[in-house]
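*Asks:* For reference, the structure I am asking about is given below.
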Amino acid sequence: MKDGFRQQMAWLHTWCGLTAGWLLCAIFLTGTLAVFRQPITQWMEARPVVQSTVGGDRTAVLRAATAHLEANAGKARFWRIELPGENGGPVLLAWQGGGQAALDPATGALLTGDLARSRKTEGGRHFMSFHYMLQADTPGYWLVGWASMCMLVALVSGVVVHRRIFQDFFTFRPGKGQRSWLDAHNATAVLALPFLFMIVYTGLAFFYTSYMPWPLEAVYGVDGYPRYQSELDGRASAARRVDGGAGAVAVTLPDLATLAQQAETLMARPARRVVVEQPGRAAMVIRVFGPADDARAETIANTLSSVAFDGATGAVLEVKTPRPQDATTSADVHEVFKALHLARFGGWPMKWLYFASGLLGTAMMATGTILFCVKRRKKSAQEFGRATAGVYRVVEALNVAAMAGTALACIGYFYANRLLPVEWADRSLWEIRAFLWLWLLTLLHALARPPLRAWVEQLSAGAALCLALPLLNYLTTGQHLLAYAWAGDWQRAGVELVALAFGVALAVMARRVQNKVVP
Amino acid sequence: MTARYRWEVAGRFLLAGVGGYGLTAQLSTVLALALPWLPGVSRAEGVLVASLLSFTFYTLFVLWVFATHSAWRVWLIAISACLLLYGVQALRT
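If you're matching them up, the sequences are chains A and B in order. If you read the first sequence in the working numbering, its first letter stands for residue 8, the second for the next number, and so on. If you read the second sequence in the working numbering, its first letter stands for residue 727, the second for the next number, and so on.
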């Protein structure tokens, strides 16, 4: 450690940033992809493309759904009907016990065979679980917490080190080696700084009762969480009715189409999901939910609108809509943090903004760890005595695996989804294993090859896989970009378009590193 | 780079990581117990505010550990602060 406050902060920034940077790169890239977890899941499930039918015959569809559920799931404790959203796709039915079916969104006819089939997959949820626990349960969860704390420390010390933060933002000297890397590191960091602080703090606050349970435990005791939560939330809890037992009086099912219509008027929003609790029993409750991503909501927290009906009488039990004039309670603080972290507000434009900011953050970490090596390639700082050269070698390899390797593993996950047999029972598990094994392989490859060669090879492989993704999809499922676009399925088309954009970006990077190897 | 220097870095790492978490936990706990004394702050809100602030305490403590010239002094302050805060909690019951 050197003398002087700024020098000490620079030392802390370097080592804290480097050691946590590799993990943070992977956490950030997967978190950025997790912004679009629903479109990714849809792409990976690979259901057949159905012509978009917004405003189709919903009455007929809901009647057909009710008939199918009564016949096949009369004893289930709940039914769920997912109506098609902005894009086409079948109406999905699900009931207690894992039963599933798909209906044609235009006619309500039951889809069978290939048309109903979806691939068993974790889909985009894998990126989210990896992002907050590295698919490694409790140790992974704490490791992410440690990396997040390091990021907070690196951010604050980084701001302290840069006294010319405003000028630095307008400074970019390309093609000047080390200076350019420093400028790129500064520019991405300054541009994304408010986002970076927000995302890492809300990420930690998301799990505050797990990362820092001691205040809660001291006040409420070891199992005090439910009591704490109910004290925090002054509002009455949602309407819930007692199960009258399976043998209780049977009640005829009301017409769901009429209730959905009524709920839409009350919510002033389209109905997207119908849930029937205790179907056919005296305690039956029917809930109609609005869109999960409510771009029209004027509040950040609690944006899901819903209307609950008494199943026996059809009376309205509860109407929930996001209304800013409602009194907020302290429980909303955590809800707002969660919504901020998950981009659960503002609709698609906000998701794209989060996606772009996430990529900027990833670039900031990548340029930072590369800068460490570029600086020392010119002149070794001899931090580790005789072992210095060996340590630098490992640092270079970890850099490659953390950036190019993570990207390669992410796109490899999509390939595993299409290439593993559809019939396999554990296929969703093997998709995740493929991701993790591929990631480990990139590290071994980076250790075995000269650093710059490893960069070129992994970036090129990633680019090739990204660019060939639409082709792979066509060869394995027969679906393609044009078919998605033609059917108005922009979510799945978007997945392939973003993959193509990533492919081009990775190819450009590979070429630039290649030019360094052979000038 | 002497062996002494290496031990010092390792010591600060331990102080920042483990000591920082311990001190933060104690500090937030006492804060959660004390905040309801303020008018208009409920028991639950005290826990909420103290827990959410803990990440800020932790960050500031880590920065302090690596900015100071004498890590021994920080060890001394951290341990006595922990004992003091623990004593406050023990007195409450």
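Just so you know, even glycine gets a beta-carbon here, dropped at the ideal spot from N, CA and C. Bear in mind the structure is a predicted one, so any value in this text is a computation, not a measurement.
Span of the alpha helix (DSSP H) holding A:Thr344?
*Replies:* The identity of residue 344 of chain A in the sequence shown is Phe, whereas the question assumes Thr. Per DSSP, A:Phe344 belongs to the alpha helix (DSSP H) from Ala338 to Leu349.
*Asks:* Just the chain A side, please: which residues come within less than 8 Å of B:Leu749 by C-beta, in chain order?
*Replies:* Under the 8 Å cutoff, chain A gives no residues; its nearest Cβ is about 11 Å from B:Leu749.
*Asks:* Quick check on A:Tyr218: buried or exposed, where buried means 16 or more other Cβ atoms within 10 Å of its Cβ?
*Replies:* Looking at its Cβ environment, which holds 16 or more other Cβ atoms inside 10 Å, A:Tyr218 is buried.
*Asks:* Would you check if the distance between the CB atom of A:Leu30 and the CB atom of A:Leu150 is smaller than 8 Å?
*Replies:* Their beta carbons are under 8 Å apart, which means A:Leu30 touches A:Leu150 by this criterion.
*Asks:* Could you have a look at A:Gln107 and say whether DSSP puts it in helix, strand or coil?
*Replies:* Three-state result, A:Gln107: strand.
*Asks:* Contact criterion: CB-CB distance below 8 Å. Does B:Leu810 meet it with respect to chain A?
*Replies:* No, no contact with chain A.
*Asks:* Mind the definition here: the segment 482-502 of chain A touches the segment 456-473 of chain A only if three or more C-beta pairs lie below 8 Å; say whether that holds.
*Replies:* No: the two stretches stay apart, fewer than three of their Cβ pairs being nearer than 8 Å.
*Asks:* What does the Cβ neighbour count give for A:Pro91, buried or exposed, with the cut at 16 atoms within 10 Å?
*Replies:* The residue in question, A:Pro91, is buried, as its Cβ has 16 or more Cβ neighbours within 10 Å.
*Asks:* Would B:Ala776 pass as an interface residue toward chain A - the criterion being a Cβ-Cβ separation below 8 Å?
*Replies:* Yes, B:Ala776 counts as interfacial toward chain A.
*Asks:* Given A:Val249, which residues of its chain have a CB within under 7 Å of its CB, disregarding the five upstream and five downstream residues?
*Replies:* Residue confidence is low: A:Val249 scores 49 on pLDDT, short of 50, so the model does not pin down where it sits. Its coordinate-derived value is still stated next. Excluding positions up to five away in sequence, the list reads Ala290.
*Asks:* Could you confirm whether any beta carbon from chain B is found closer than 8 Å to the beta carbon of A:Ala308?
*Replies:* No, A:Ala308 does not count as interfacial toward chain B.
*Asks:* A:Gln15 versus chain B: which residues are under 8 Å apart at the beta carbon?
*Replies:* Within 8 Å Cβ-Cβ: Phe792 and Ala793.
*Asks:* Using a Cβ cut-off of 8 Å, pull out every chain A residue sitting near B:Ser754, in sequence order please.
*Replies:* Here the neighbours are Met219, Trp221 and Pro222.
*Asks:* Report the residue from A:Phe43, A:Glu503 and A:Leu118 whose alpha carbon sits nearest the alpha carbon of A:Val68.
*Replies:* Nearest of A:Phe43, A:Glu503 and A:Leu118 to A:Val68, Cα basis: A:Leu118.
*Asks:* When DSSP builds the beta bridges, which residues end up paired with A:Asp537?
*Replies:* The structure shown does not extend to residue 537 of chain A, since chain A is modelled only from 8 to 526, so the question has no answer here.
*Asks:* Under 7 Å Cβ-Cβ, which residues of chain B neighbour A:Leu474?
*Replies:* Result: empty, since nearest Cβ-Cβ is about 41 Å, beyond 7 Å.
*Asks:* Does the structure place the segment 734-754 of chain B close enough to the segment 450-461 of chain A that three or more beta carbon pairs sit under 8 Å?
*Replies:* Touching, no.
*Asks:* Please look up how many angstroms separate the CB atoms of A:Ala41 and A:Met135, rounded, as I've assumed it's under 8 Å.
*Replies:* Confirmed, about 4 Å.
*Asks:* Residues of the segment 760-776 of chain B with a CB closer than 8 Å to any CB of chain A: list them in chain order, please.
*Replies:* Answer in chain order: Ser768, Arg769, Ala770, Glu771, Gly772, Val773, Leu774 and Ala776.
*Asks:* Can you tell which of A:Asp190, A:Pro458, A:His487 and A:Ile88 has its C-alpha closest to the C-alpha of A:Leu520?
*Replies:* The amino acid occupying residue 520 of chain A in the given sequence is Val; Leu does not appear at that position. Here the closest residue by C-alpha is A:Pro458.
*Asks:* Going along the chain, which residues of its own chain have a beta-carbon closer than 8 Å to the beta-carbon of A:Gly419, five neighbours each way excluded?
*Replies:* If we look at A:Gly419 and ignore the five residues flanking it on each side, its Cβ neighbours are Ala441, Phe442, Leu445 and Leu472.
*Asks:* Which residues of chain A have a Cβ atom closer than 9 Å to the Cβ of B:Ser806, listed in chain order?
*Replies:* Those do not exist, as B:Ser806 stays about 19 Å from chain A at its closest Cβ, beyond 9 Å.
*Asks:* Determine, using beta carbons only, whether B:Ser780 comes closer than 8 Å to chain A.
*Replies:* Yes, because at least one Cβ of chain A sits closer than 8 Å to the Cβ of B:Ser780.
*Asks:* Counting only the same chain and skipping the five closest in sequence on each side, list residues whose C-beta sits under 8 Å from that of B:Phe792.
*Replies:* Contacts found: Arg738 and Ala742.
*Asks:* Expressed to the nearest angstrom, what Euclidean distance is found between the alpha-carbon atoms of A:Trp359 and A:Phe352?
*Replies:* Approximately 12 Å between the Cα atoms of the pair.
*Asks:* For B:Ala758, go through chain A and note every residue whose CB falls closer than 7 Å to its CB, in chain order.
*Replies:* Result: Pro222, Ala225 and Val226.
*Asks:* Please list the partners that A:Met156 has in chain B, where partner means a Cβ-to-Cβ separation under 8 Å.
*Replies:* Those within 8 Å of A:Met156 in chain B are Phe781, Tyr784, Thr785 and Val788.
*Asks:* Quick one: what does DSSP say A:Ser164 is sitting in, helix, strand or coil?
*Replies:* A:Ser164: helix per DSSP, three-state reduction.
*Asks:* Identify which residue in A:Lys523, A:Met158 and A:Pro233 has its Cα closest to the Cα of B:Val788.
*Replies:* Minimum Cα distance to B:Val788 is reached at A:Met158.
*Asks:* Give a yes or no on contact between the segment 268-276 of chain A and the segment 312-330 of chain A, applying the rule of three or more CB pairs nearer than 8 Å.
*Replies:* With the cut-off at 8 Å, the segment 268-276 of chain A and the segment 312-330 of chain A touch.
*Asks:* State the Cα-Cα distance for the pair A:Tyr481 and A:Phe509, rounded to the nearest angstrom.
*Replies:* Cα to Cα, the separation comes out at about 19 Å.
*Asks:* Pick helix, strand or coil for A:Ala315, following the three-state DSSP scheme.
*Replies:* Strand, per DSSP.
*Asks:* Evaluate the contact criterion for the segment 183-196 of chain A versus the segment 751-768 of chain B: three or more CB pairs, one atom per stretch, below 8 Å.
*Replies:* Contact between the segment 183-196 of chain A and the segment 751-768 of chain B is absent, because fewer than three Cβ pairs lie under 8 Å.
*Asks:* When DSSP labels each residue in this structure, what does A:Ala101 get in the three-state scheme?
*Replies:* In the structure shown, A:Ala101 sits in a strand (DSSP, three-state: E or B).
*Asks:* Would you mind listing the alpha helix (DSSP H) stretches within the segment 433-499 of chain A that are 4+ residues and don't spill past its ends, in chain order?
*Replies:* The qualifying runs are 434-455, 458-474, 476-484 and 488-493.
*Asks:* Please state if the CB of A:Val168 and the CB of A:Lys13 are separated by a distance shorter than 8 Å.
*Replies:* Checking the sequence, you will find Arg at residue 13 of chain A rather than Lys. For A:Arg13 and A:Val168, yes; Cβs fall inside 8 Å.
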